[in-house]
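Read through the structure below, which is laid out as structure tokens, and then see the notes.
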Amino acid sequence: MPSGQEFIKHEMNEAISFQQAIVEAETKLGANHPDPESKKLIGKLRKDDEKQLDRLMKAGKPMGATGKQEEVVEAMSKLMKQTAAKAGTEKSEAYEAQAVLVTLKRKQQDAGTAMIKLGQKMKNAGLKELGTNLHRASKASAEELGKNLAGLAVEIASA
306 MPSGQEFIKH EMNEAISFQQ AIVEAETKLG ANHPDPESKK LIGKLRKDDE KQLDRLMKAG
366 KPMGATGKQE EVVEAMSKLM KQTAAKAGTE KSEAYEAQAV LVTLKRKQQD AGTAMIKLGQ
426 KMKNAGLKEL GTNLHRASKA SAEELGKNLA GLAVEIASA
């Protein structure tokens with residue numbers, strides 16, 4: 306594991322690659338989700354997440370961070386692709402894919418928290434602000450998706 310500036314670059318790469326996985330998942334689920342309410346919510350969230358991805362890429366560029374995928378992101382991204390590929394077949398499959406998306410967003414909250422702490426330590430207000438925005442946005446959308454997911458669980462169980 307790198308240290309110093311290389312670690313900061315690593316963290317930015319991870320945040321960018323997680324955000325890319327989130328946007329990709331939302332694009333796929335937004336097109337294929339069999340539940341209209343979920344589909345609408347995911348489409349709305351994707352627009353905000355695309356903007357967040359753009360901000361992350363701009364902030365990472367001066368550090369040389371491009372979104373290089375490492376082990377954790379690669380594994381979670383693969384799981385997301387596998388579950389999203391089956392999401393259009395039935396609601397229970399979409400439920401699984403949406404649960405993975407919620408997990409991605411919760412992991413992205415960790416990246417935001419790390420950026421906040423790094424920004425504070427380095428006295429880098431831009432990094433701290435980016436981390437704050439990433440944490441808040443990821444948390445809010447994970448909660449919104451989680452509530453929707455709970456409703457979907459009840460609907461599936463009641464069928």
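Take 306 as the starting number for the sequence shown in the numbering used here and just add one per residue. Virtual Cβ for every residue (Gly too), placed ideally from N, Cα, C.
Query	Result
Measure the C-alpha to C-alpha separation of residue 384 and residue 405 and round it to an integer number of angstroms.	8 Å
Where does residue 328 land, buried or exposed, given buried means 16+ other C-beta within 10 angstroms?	buried
Residue 322: which of 392, 342, 336 and 375 sits nearest, CA to CA?	375
With distances taken between CB atoms, is the gap from residue 389 to residue 333 smaller than 8 Å?	yes
Starting from residue 368, trace the alpha helix (DSSP H) both ways and give me its first and last residue.	No alpha helix (DSSP H) holds residue 368; DSSP gives it neither H nor E.
Let me know if residue 378 comes out buried or exposed under the rule of 16 or more other beta-carbons within 10 Å of its beta-carbon.	buried
Could you tell me the alpha carbon to alpha carbon distance between residue 342 and residue 308, rounded to whole angstroms?	44 Å
Taking Cβ to Cβ, would you say residue 425 is nearer than 8 Å to residue 320?	no
Taking the beta carbon of residue 354 as the centre, do at least 16 other beta carbons fall within 10 Å, making it buried, or is it exposed?	buried
Rounded to whole angstroms, what is the Cα-Cα separation between residue 456 and residue 464?	13 Å
Hey, how far is the Cα of residue 396 from the Cα of residue 461?	7 Å
How many Å lie between residue 427 and residue 436 at the Cα?	13 Å
Do the CB positions of residue 381 and residue 316 come within less than 8 Å of each other?	no
Mind checking whether residue 335 and residue 351 have CB atoms under 8 Å apart?	yes
For residue 368, tell me which candidate among 440, 438, 358 and 432 has the shortest Cα-Cα distance.	432
What is the C-beta distance between residue 446 and residue 417, in whole angstroms, given that I count them as a contact (C-beta under 8 Å)?	At roughly 12 Å, the Cβ-Cβ gap does not stay under 8 Å, so residue 446 and residue 417 are not in contact.
Any idea what DSSP makes of residue 260, helix, strand or coil?	Past the boundaries of the shown model lies residue 260; the chain is included only from 306 to 464, so the question cannot be answered.
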